[in-house]
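Read the structure below first, then the notes.
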Amino acid sequence: GDSVTQMEGPVTLSEEAFLTINCTYTATGYPSLFWYVQYPGEGLQLLLKATKADDKGSNKGFEATYRKETTSFHLEKGSVQVSDSAVYFCALSLVYGDMRFGAGTRLTVKP
Amino acid sequence: EAGVTQFPSHSVIEKGQTVTLRCDPISGHDNLYWYRRVMGKEIKFLLHFVKESKQDESGMPNNRFLAERTGGTYSTLKVQPAELEDSGVYFCASSQTQPPSLHFGNGTRLTVT
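Sequence lines, in order, name chains A and B. Counting with the working numbering, you get residues 10 to 120 for the letters of the first sequence. Counting with the working numbering, you get residues 52 to 164 for the letters of the second sequence.
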C-alpha cells in the first residue's frame with residue numbers, strides 16, 4: 010500500500026549545521042507530498058508541501074524537492090537554529106485519500 | 052481564526068474503562084480526520100469524516116473504537132473498553148480542500164494503565 014519511510018532519529022546537530030532528513034515514498038498514484046513539524050507541546054504544523062514532480066516546497070529556510078525518479082522528498086536546511094528543534098514528519102496524500110505519515114524524526118539543535 | 056481544539060489534552064484511565072475524546076475543527080471545515088501515534092511510531096490514520104458522514108474508517112483498529120460527528124461540527128472518539136495498547140497520542144485534523152492541507156490539533160495523550 011501507499012507509505013512513507015523517513016530516516017530514523019534522533020538527529021543531533023550544532024547550530025548553523027546543515028540538515029538533511031531523508032524521506033522516500035511508495036504510492037500507486039501521484040501523491041502530494043508534505044513535511045509537517047511538531048514543536049514541543051504543540052500540534053503538527055504544515056512546514057511545506059509539493060503537489061507534483063519537480064516542485065520544490067520551501068518555508069522558514071527549509072526546502073524539499075519532489076523527485077519522482079527516486080520517489081523521494083528529502084528535507085534540507087542550510088543552517089539550523091536551536092528553535093528548529095522539533096519532530097519532523099514526512100507525509101503523502103492521494104487526491105481522494107487520507108494522509109500517510111512517516112514515523113517522525115526528532116531533531117535536536119545544540120547551541 | 053480559532054484552530055483545531057482537542058479535549059482533554061491528557062487522559063489517564065485504567066484498562067477496561069471508557070474514555071471519550073473530543074475534537075472541534077476549524078469552523079467551516081467539512082473534512083475531519085482522526086489519527087493516532089503509538090509509542091513514537093508513525094502517525095496512523097483512523098478515519099475521515101466529510102461533514103457528518105464517515106468517508107473512510109478503514110484505519111479504525113477494532114470495534115472498541117467509535118467515532119461520531121453529529122451535525123457535522125465537532126467529533127468524538129470513544130474507546131470502550133480501553134486496553135493497554137490503546138495508549139498513545141490521538142490527533143484530530145480538519146481541512147477545507149482536497150488534497151488536504153491539514154490543520155492539526157495539539158492532540159490528546161491517552162495513557163491506559
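In this text, a Cβ means the ideal position worked out from N, Cα and C, and glycines have one as well.
- B/N113 counts as exposed, since fewer than 16 other beta carbons sit within 10 angstroms of its beta carbon.
- Put simply, of A/D11, A/T37, A/T35 and A/L53 the residue whose alpha carbon is nearest the alpha carbon of A/G113 is A/L53.
- If you ignore the 5 residues before and after B/P59, its C-beta comes within less than 7 Å of the C-beta of T159, all in its own chain and listed in chain order.
- Per DSSP, A/M108 is one residue of the beta strand (DSSP E) stretching across M108 to F110.
- Listed in chain order, the non-local C-beta contacts of A/E85 below 6 Å within the same chain comprise T29 and E72, local neighbours out to five positions each way being set aside.
- The beta carbon of A/G70 lies closer than 8 Å to those of K86, G87 and S88 in the same chain, with the five residues before and after it left out.
- Between B/I94 and B/Y84, the C-beta spacing is not below 8 Å.
- The continuous beta strand (DSSP E) containing A/R115 extends over residues T114 to K119.
- With a cutoff of 8 Å on beta-carbon distance, A/T117 and A/P19 are scored as near each other.
- Interface with chain B (8 Å Cβ-Cβ cutoff): A/R109 is included.
- C-alpha of A/N31 to C-alpha of A/K61: approximately 18 Å in a straight line.
- Its chain contains S88, V89 and V118 as the residues whose beta carbon lies nearer than 8 Å to that of A/A26, once the 5 sequence neighbours on both sides are disregarded; these appear in chain order.
- Under DSSP, the beta-bridge partners assigned to B/V70 are B/V130.
- With a beta-carbon spacing of about 7 Å, B/A133 and B/T69 fall inside the 8 Å limit used to define contacts.
- The Cβ neighbour count for B/G79, taken over all protein chains shown within 10 Å, is under 16; the residue is labelled exposed.
- Cβ-Cβ separation between B/L135 and B/K92: approximately 15 Å, too far for a contact (criterion under 8 Å).
- The beta-carbon separation of A/D11 and A/T35, rounded to 6 Å, stays under the 8 Å limit for a contact.
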